[in-house]
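Following: one structure in structure tokens, then a few remarks.
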Amino acid sequence: MSQPDEITLLIAALDGEPEQRAQAQARLIELGSAVVEPLAALVCAQQGRRAWTAADVLGELADERAWPVLVNALRAANAMLGVSAAKALLKYPGVDVLPIFVAALPQAHVMAQQTIIHALQHLGDRRAVPLLIDQLHQAESPTIRTALVQTLGKLGDPRAIPALRAALHDENHHVREWSAEALKWLGDPAAG
Amino acid sequence: MQAHNSYLYVEDDALSREVLETLLVEVMGAKHLTVFADSENFMERLRAVDPPPDVIFLDILVQPHDGYALLRTVRNDPAFASVKVLAVTASVMAKEIEQLKAEGFNGALAKPLDMLTFPDLIRRLEMGETIWQVD
């Protein structure tokens, strides 16, 4: 079988069950450079399961040709594509992803937002703090606000204290409880 | 790895339901996931789940009966003696974890669910590990 034919079959398998997908993904990673452009096209199309499973493979390959489509996919309406794009971008070695995540966060699908916020927490980079504060003021989902106050607390930056104090009065009890906890981590007496 | 267990998730937060459903069904290929958006008539609905769940995720603050009350009703029914019950809670501080262990939960997951780490937690759960995701 020619390599283009094999790639076509492997791409079709990306829509399959988890074991079938995993085998196809492993083989695509083995094929390396030759699969980057066809997989980037799938990510661009943003259609269904194959789009985000392709993004997973591109993350493993960390090829610079796929970078722009993965960045664009952070804002995809396909929720899992946004999630997989964020995970993929984290796998590029030596690249500063924080400005990319910060720029994409306000427009991302809410599930991708949750992933990006957790990624910012794992990155531990305090440059994200002003944006996270801004998002805390805007986020409609209490789940997202909870993730934001957790991350602001974990980042340990005192600039977050006024926003966290305000969040002690949030309408949602999870947000209020986690704001108190985050303020404790920051050593703020308002935590009680 | 495919998720093979039968799962039940009791959760009143819509985004948390969407996240877990996407991860278990779409990403991990789980064939059996049932979701309750509240805890009304819980045992009656639990007995109707087919196949019966191997794992129950309970939001601790679900209404009208909270996760602790639901756990007690599950533990009082011999038909569910072997089911694993995990708390899904935003309160994962050490004091709350000790309380969850004392009440008889088999594990806990922090909420909001972290999509970066959740699939690995499920893999570990399916391998028989106990998960206490204390953050």
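Residue numbers (our numbering), protein chains in the order written: chain A, 119 to 310; chain B, 464 to 598.
Glycine is no exception: its CB is placed at the ideal position from the N, C-alpha and C atoms.
Output, in chain order, the set of chain D residues within a Cβ distance shorter than 7 Å of residue i.
i: residue 577 of chain B; result: Looking for chain D here will not work: the only protein chains present are A and B.
Determine the extent of the alpha helix (DSSP H) in which residue i is found, giving its start and end residues.
i: residue 177 of chain A; result: 166-179
i: residue 558 of chain B; result: 557-566
i: residue 444 of chain B; result: One cannot answer for residue 444 of chain B here, as it falls past the ends of chain B, which runs 464 to 598.
i: residue 219 of chain A; result: 216-222
i: residue 495 of chain B; result: Looking at the DSSP string, residue 495 of chain B is not in any alpha helix (DSSP H); the run it does join, the beta strand (DSSP E), is 495-499.
i: residue 241 of chain A; result: 228-241
i: residue 189 of chain A; result: 185-191
i: residue 505 of chain B; result: 505-510
i: residue 209 of chain A; result: Run containing residue 209 of chain A: none; DSSP gives neither H nor E here.
Per DSSP, what kind of secondary structure is residue i in: helix, strand or coil?
i: residue 594 of chain B; result: coil
i: residue 269 of chain A; result: helix
i: residue 151 of chain A; result: helix
i: residue 573 of chain B; result: strand
i: residue 304 of chain A; result: coil
i: residue 580 of chain B; result: coil
i: residue 488 of chain B; result: helix
i: residue 259 of chain A; result: coil
i: residue 550 of chain B; result: strand
i: residue 120 of chain A; result: coil
i: residue 473 of chain B; result: strand
i: residue 286 of chain A; result: coil
i: residue 522 of chain B; result: strand
i: residue 589 of chain B; result: helix
i: residue 156 of chain A; result: helix
i: residue 479 of chain B; result: helix
i: residue 467 of chain B; result: coil
i: residue 252 of chain A; result: helix
Taking all protein chains shown into account, decide if residue i is buried (16 or more other Cβ within 10 angstroms of its Cβ) or exposed.
i: residue 513 of chain B; result: exposed
i: residue 545 of chain B; result: exposed
i: residue 558 of chain B; result: exposed
i: residue 139 of chain A; result: buried
i: residue 526 of chain B; result: exposed
i: residue 122 of chain A; result: exposed
i: residue 119 of chain A; result: exposed
i: residue 196 of chain A; result: buried
i: residue 126 of chain A; result: exposed
i: residue 229 of chain A; result: buried
i: residue 198 of chain A; result: buried
i: residue 213 of chain A; result: exposed
i: residue 177 of chain A; result: buried
i: residue 141 of chain A; result: exposed
i: residue 151 of chain A; result: exposed
How big is the Cα-Cα spacing for residue i and residue j?
i: residue 510 of chain B; j: residue 470 of chain B; result: 13 Å
i: residue 257 of chain A; j: residue 301 of chain A; result: 20 Å
i: residue 587 of chain B; j: residue 216 of chain A; result: 30 Å
i: residue 161 of chain A; j: residue 254 of chain A; result: 30 Å
i: residue 182 of chain A; j: residue 191 of chain A; result: 15 Å
i: residue 304 of chain A; j: residue 287 of chain A; result: 18 Å
i: residue 540 of chain B; j: residue 574 of chain B; result: 28 Å
i: residue 578 of chain B; j: residue 201 of chain A; result: 8 Å
i: residue 168 of chain A; j: residue 144 of chain A; result: 14 Å
i: residue 284 of chain A; j: residue 251 of chain A; result: 11 Å
i: residue 205 of chain A; j: residue 263 of chain A; result: 21 Å
i: residue 180 of chain A; j: residue 572 of chain B; result: 31 Å
i: residue 298 of chain A; j: residue 492 of chain B; result: 38 Å
i: residue 274 of chain A; j: residue 246 of chain A; result: 11 Å
i: residue 506 of chain B; j: residue 521 of chain B; result: 13 Å
i: residue 261 of chain A; j: residue 477 of chain B; result: 9 Å
i: residue 282 of chain A; j: residue 543 of chain B; result: 42 Å
i: residue 193 of chain A; j: residue 218 of chain A; result: 11 Å
i: residue 473 of chain B; j: residue 239 of chain A; result: 27 Å
i: residue 267 of chain A; j: residue 124 of chain A; result: 47 Å
Residues in the stretch 469-492 of chain B having any Cβ partner in chain A nearer than 8 Å = 476, 478, 479, 481, 482, 485, 489, 490, 491, 492
key: Selection of the stretch 125-155 of chain A by Cβ proximity to chain B, strictly under 7 Å   = 135, 136, 137
ask   = Along the stretch 279-309 of chain A, what residues have a CB closer than 8 Å to any CB found in chain B?
value = 291, 292, 295, 296, 299
request  = Compile a chain-ordered list of the residues in the stretch 181-210 of chain A whose CB is closer than 7 Å to at least one CB of chain B.
outcome  = 197, 198, 201, 205
ask   = In the stretch 256-268 of chain A, which residues sit with their C-beta less than 9 Å from some C-beta in chain B, listed in chain order?
value = 259, 260, 261, 262, 264, 265, 268
ask   = Can you list, in chain order, the residues of the stretch 218-229 of chain A whose Cβ is nearer than 8 Å to any Cβ on chain B?
value = 228, 229
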